[in-house]
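Undergrad: Have a look at this one.
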Amino acid sequence: MTQNKPAKGTNFLANLTRNQLFIPVAALLLLLVFNLIMDPNFFKITLDHNSVGDPVLSGFLITILDSGSELAILAIGMTLVTAATGGQDISVGAAIAISGSVLLRMLCGSNTRPETLLMPVLVAFVITCVVAMLFGAFNGVLVAVFQIQPMIATLILYTAGRSIAAWINNNELPIISEPSFGYYGGFIPGIPVPTPFFIAIICVILIALALKFTTLRLYTQAVGINEYSAKLNGLNPVFIKILSFVILGLCVAVVGLIKVSRFQTINYSVIAKDIEMDAILAVALGGNALSGGKFNMTASIIGAYVIQCLTTTLYKFNVQSDALPAYKAIVVIALVVLSAPIVREKLSALMPKPVAKEVA
Amino acid sequence: MADNVVLQMRNIHKSFPGVKALQGVDFTLRKGEVHALMGENGAGKSTLIKVLTGVYGKDEGQISMEGKEVLIHSPQEAQKNGISTVYQEITLCPNLSVAENMYIGRLDDIYQNWKKMNSDADKILQSLDIPAKATQQLSSCSLAVQQMVAIARAVDTDCKVLILDEPTSSLDEQEVEKLFKLMRDLKARGVGIVFVTHFLDQVYEICDRITVMRDGKLVGEFEIETLPRVQLVSKMLGKELDDLSDIQGEYSTYQNKEGEAPVFEAEGLSSDAGIRPFDFHIRKGEVNGFTGLLGSGRSESVRAIFGADRILGGNVKVNGKPVKIKKPIDAMKQGIAYLPEDRKRDGIVGDLSVRDNILLAQQVLRGFLKPFTKAEADKIADEYIKLLSVKTASADTPIKSLSGGNQQKVILARWLLTHPEYLILDEPTRGIDVGTKVDIQKLVLKLASEGMSVTFISSELDEMLRTCSRLIVMRDGRMVGELSGEDLNQNKVMNTIAGGERE
């Protein structure tokens with residue numbers, strides 16, 4: 009068998025389109041070019057000062073960076089869950105509500121308008137992480153041990169989550185007036201770039217390290233592709249599936265912190281609404297098979313920012329917020345169809361053929 | 023001759039990126055004949071069949087049915103032209119009923135008379151002597167019965183050409199006999215049958231003509247009477263074959279030391295897979311085997327040793343020390359390796375690269391926090407690809423795109439990499455060409471002479487007689503005999519399998 013060595017140049021285009029990063033990056037560029045033509049103001053970034061007098065950057069790109077970071081963090085966990093279980097977690101939004109609620113309960117206690125915080129934010133956050141990971145483990149056990157389809161299993165928490173969140177704070181809406189609590193979802197004084205972006209970078213670095221220095225990728229993929237085989241190679245598929253849900257739980261806790269910090273309060277029925285759909289779309293847009301198996305983390309993370317870029321673009325063109333999902337759906341269909349393996353195969357067939365056939 | 027010919031393929035060419043799979047292959051099938059298509063793995067048999075059934079498009083050449091040229095772009099079109107196929111791996115839907123599986127995809131009306139469909143299906147099943155009911159869920163049938171249902175499905179469509187792609191690899195002898203009876207019936211009705219198999223006995227039992235392929239090219243078409251076995255094998259391999267002679271003598275037997283505890287010893291071992299508690303031991307450097315009919319519990323026994331099924335009881339000692347083996351990882355840590363019977367389901371991780379598939383078990387043994395570096399992984403993968411001469415475009419190729427024999431080599435590489443003390447091979451040569459078979463048998467003897475203990479399971483008795491020094495005979499989930507030395511011959515083993523030997 010001769011190896012298919014692509015000749016430089018002629019195959020460049022073909023190889024480019026075959027790369028999994030091609031679709032999300034191309035979609036992002038397309039959206040940016042579209043905005044550039046329609047209204048270059050999209051790219052305007054201004055340095056303002058907020059009410060306290062600290063410098064903050066503002067503009068559409070900053071919004072994308074800001075909100076897209078929440079999605080990117082969730083996409084990390086969602087990618088792992090998708091790869092390991094071949095299904096998706098639709099309870100992410102509800103779980104964020106629970107996380108936010110736990111965080112506020114820890115910081116405020118039963119007093120809804122506290123003057124001072126009951127404990128350092130870090131301690132409260134760690135407790136939130138534990139709770140969110142427990143809820144993740146709950147989903148994971150349903151999926152891995154009881155072998156319920158992920159979407160159905162997580163439907164339970166999807167339905168119950170927001171009620172649980174309200175119940176944790178006795179249906180009260182605590183408001184935190186302490187300004188330092190707002191740093192996580194807003195700006196740290198003196199730094200004009202929104203904090204969520206830095207948090208996302210930390211998360212990306214952490215997962216990159218995990219993928220490099222552990223066998224998480226190999227184990228997750230093996231379990232996602234062939235559970236029986238994985239088991240006979242000494243892996244524990246049940247544990248690995250639960251682990252993926254627990255990691256998603258951790259991501260949920262982080263986004264919960266950002267969300268609650270951003271508003272300094274919580275609205276149980278609205279917070280992070282439908283965010284799970286955007287996170288799943290980010291994974292799909294990254295060209296990852298929603299039926300599990302092999303995954304590309306970078307593509308998912310870029311996918312998250314593309315989804316946010318799309319949302320922001322639509323907002324900018326004054327699409328009413330209740331009509332937004334319909335517009336989004338159209339664009340998303342196009343993107344997802346384009347990134348589907350079957351279409352990509354056809355597309356690369358249209359590209360210049362590799363020369364290896366003649367060589368062999 | 024022209025009247026008789028039902029299918030003619032002329033000058034078929036097909037390339038995949040980097041590989042020429044078929045180069046100018048001709049194939050002629052006559053009415054009412056069983057025509058064997060033979061060749062090693064990668065000779066192009068499967069590709070030729072996939073071109074014929076419309077799974078792949080051909081690059082060049084023509085196909086004609088009864089003299090008229092036909093263009094076949096999809097399996098549906100092939101079926102419309104009267105070409106039906108039963109593949110080696112069962113391609114039915116396990117959670118539908120038997121009747122639904124037989125009629126799926128060829129229901130003409132939206133309205134379906136389920137009652138009639140079930141009674142029709144029952145009639146066909148009865149006429150073919152298949153032990154299944156129309157309303158039974160397919161997954162509740164044994165693998166062999168599922169295979170027969172697939173054949174029943176193919177036969178029921180009004181077919182002129184029936185392609186059987188290794189249909190017998192999961193059947194035991196009686197079932198093969200039934201299948202042959204069925205094939206003879208169809209032959210009498212004038213159906214042309216293309217029979218792909220690796221079992222030479224079966225070829226000489228049922229076939230009229232043989233077409234041999236090698237490296238994507240046609241070697242020739244032969245009448246069965248004019249081609250003795252040895253010549254067939256040498257034509258398939260493209261060389262004179264002396265490898266098929268006694269190979270056991272080539273390797274020295276490993277010399278056991280006095281008083282050495284067995285490498286593995288089990289007492290009263292049983293699992294939830296339906297085997298009775300059994301005792302078993304293997305010494306260092308020994309090659310032994312489990313034999314018995316399909317479903318006799320030979321695979322289940324070794325699965326119990328490896329902890330692949332749920333263990334219900336028994337004591338296990340490794341090198342004389344008592345250990346607990348509950349899960350595969352426990353067995354792996356004790357230096358036991360297991361190459362499973364069902365390669366597709368239990369062996370390969372399809373979408374992963376050849377490299378990852380080789381590394382998987384060793385990586386799991388190393389642990390979660392110690393991944394191989396890229397350089398290490400490349401080095402190991404290349405080393406083992408070379409060692410076992412795996413034919414793959416590169417180490418990055420997904421394993422699922424390799425041929426069956428090469429997939430098996432990769433799985434073998436995976437377990438050799440863990441440097442096991444005790445290697446269990448369950449049907450390592452199933453669906454593999456003669457050359458690779460001999461390679462694997464030789465490898466087993468070589469490893470044993472170096473001190474590795476090997477348990478070797480195969481449906482082909484002569485293969486086991488050639489490699490094993492001790493055979494354990496299973497029947498109905500129970501160990502019924504143990505043969506070694508003088509007793510290791512076809513007759514004795516057959517008698518023991520059939521029963522009545524053990525007082």
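Sequences listed follow chains A and B, in order. Going by this note's numbering, the letters in the first sequence line up with residues 9 to 368, in that order. Going by this note's numbering, the letters in the second sequence line up with residues 23 to 525, in that order. Glycine included, every Cβ here is placed at the ideal spot set by N, Cα and C. For clarity, every value in this text was computed on a predicted model and none was experimentally measured.
May I ask you to list, following chain order, the residues of the region 235-248 of chain A that have a beta carbon less than 9 Å from some beta carbon of chain B?
TA: 236, 237, 238, 239, 240, 241, 242, 243 and 244
Undergrad: Can you pull the chain B neighbours of residue 233 of chain A, defined as C-beta to C-beta under 7 Å?
TA: 371, 372, 373 and 374
Undergrad: Alpha carbon to alpha carbon, what distance is there between residue 37 of chain B and residue 367 of chain A?
TA: Note that residue 367 of chain A scores 35 on pLDDT, short of 50, meaning its location in the model is unreliable; the coordinates nonetheless yield the value given after this. Using only the alpha carbons, I get a separation of about 12 Å.
Undergrad: Can you check which of these residues, B/320, B/295, B/469 and B/318, is closest to residue 335 of chain B by C-alpha distance?
TA: B/295
Undergrad: Within 8 Å (strictly less), CB to CB, does residue 382 of chain B reach chain A?
TA: Interface residue, yes.
Undergrad: Is there a Cβ from chain A that is less than 8 Å from the Cβ of residue 358 of chain B?
TA: For residue 358 of chain B, the answer is no, since every Cβ of chain A falls outside 8 Å of its Cβ.
Undergrad: Quick one: Cα of residue 51 of chain B to Cα of residue 99 of chain B, how far?
TA: 19 Å
Undergrad: Determine the DSSP secondary structure at residue 283 of chain B, reduced to helix, strand or coil.
TA: coil
Undergrad: Within its chain, find whatever has a CB closer than 7 Å to the CB of residue 190 of chain A; leave out the 5 residues flanking it on each side and keep chain order.
TA: 269 and 272
Undergrad: I'd like to confirm the pairing. Which residues does DSSP put opposite residue 231 of chain B in its beta bridges?
TA: B/57 and B/245
Undergrad: If you reduce the DSSP assignment to three classes, tell me which class residue 511 of chain B lands in.
TA: Three-state DSSP puts residue 511 of chain B in coil, outside helix and strand.
Undergrad: Residue 218 of chain A to residue 387 of chain B, Cα distance in whole Å?
TA: 18 Å
Undergrad: Does the distance from the C-beta atom of residue 243 of chain A to that of residue 231 of chain A stay below 8 Å?
TA: yes
Undergrad: Report back the beta-carbon spacing between residue 432 of chain B and residue 379 of chain B to the nearest angstrom; my notes put them in contact at under 8 Å.
TA: Rounded to the nearest angstrom, the Cβ distance from residue 432 of chain B to residue 379 of chain B is 5 Å, consistent with a contact under 8 Å.
Undergrad: Let's see if you can read the secondary structure: which residues bound the beta strand (DSSP E) around residue 44 of chain B?
TA: 41-52
Undergrad: Below 8 Å on the Cβ atoms is my guess for residue 463 of chain B versus residue 483 of chain B; work out the distance and round it to an integer in Å.
TA: Their Cβ separation, rounded to whole angstroms, is 13 Å, which puts residue 463 of chain B and residue 483 of chain B out of contact at 8 Å.
Undergrad: If you draw a straight line from the alpha carbon of residue 326 of chain B to that of residue 343 of chain B, how long is it in whole angstroms?
TA: 18 Å
Undergrad: Buried or exposed for residue 90 of chain B, please, with buried defined as at least 16 other CB atoms from any protein chain shown within 10 angstroms of its CB.
TA: exposed
Undergrad: Can you name, in chain order, every residue of its own chain whose Cβ lies under 6 Å from the Cβ of residue 107 of chain B, other than the five neighbours on each side?
TA: 75 and 185
Undergrad: Please list the partners that residue 487 of chain B has in chain A, where partner means a Cβ-to-Cβ separation under 9 Å.
TA: Neighbours of residue 487 of chain B on chain A: none; closest Cβ ~28 Å, over 9 Å.
Undergrad: Show which residues of chain A have a CB atom less than 8 Å away from the CB atom of residue 429 of chain B.
TA: Here the premise fails: no neighbours, minimum Cβ distance about 12 Å.
Undergrad: Grouping DSSP H, G and I as helix and E and B as strand, with all else coil, what is residue 457 of chain B?
TA: helix
Undergrad: Identify every run of the beta strand (DSSP E) within the region 73-137 of chain A, keeping only runs that are complete inside it and at least 3 residues long; order them along the chain.
TA: none
Undergrad: Check whether the Cβ atoms of residue 446 of chain B and residue 328 of chain B sit closer than 8 Å, and answer yes or no.
TA: yes
Undergrad: Distance, Cα to Cα, residue 158 of chain A vs residue 147 of chain A?
TA: 8 Å
Undergrad: Relative to the C-alpha of residue 64 of chain A, which residue among A/92, A/99, A/94 and A/194 is closest?
TA: A/194
Undergrad: With distance defined between alpha-carbon atoms, name the residue in A/302, A/324 and A/337 nearest to residue 373 of chain B.
TA: A/302
Undergrad: Out of B/520, B/437 and B/491, point me to the one whose CA is closest to residue 357 of chain B's CA.
TA: B/437
Undergrad: Output needed in chain order: residues of the region 341-354 of chain B with a Cβ under 8 Å from some Cβ in chain A.
TA: 349, 350, 351 and 354
Undergrad: Ignoring anything shorter than 4 residues, give me the alpha helix (DSSP H) runs that lie fully in the region 310-376 of chain B, in order along the chain.
TA: 320-328 and 350-355
Undergrad: Using a C-beta to C-beta distance shorter than 9 Å, which residues of chain A count as neighbours of residue 77 of chain B?
TA: Here the premise fails: no neighbours, minimum Cβ distance about 15 Å.
Undergrad: In three-state terms, what does DSSP make of residue 444 of chain B?
TA: strand
Undergrad: Kindly list, in the order they appear in chain B, the residues whose Cβ is closer than 9 Å to that of residue 229 of chain A.
TA: By Cβ distance, chain B contributes 371, 373, 374 and 378.
Undergrad: Which residues does DSSP list as the beta-bridge partners of residue 475 of chain B?
TA: BP columns for residue 475 of chain B point to B/444.
Undergrad: Only counting runs of 3 or more residues, tell me where the beta strand (DSSP E) segments fall wholly within the region 194-225 of chain B, in order along the chain.
TA: 214-218
Undergrad: Is there a C-beta anywhere in chain B that falls below 8 Å from the one on residue 223 of chain A?
TA: yes
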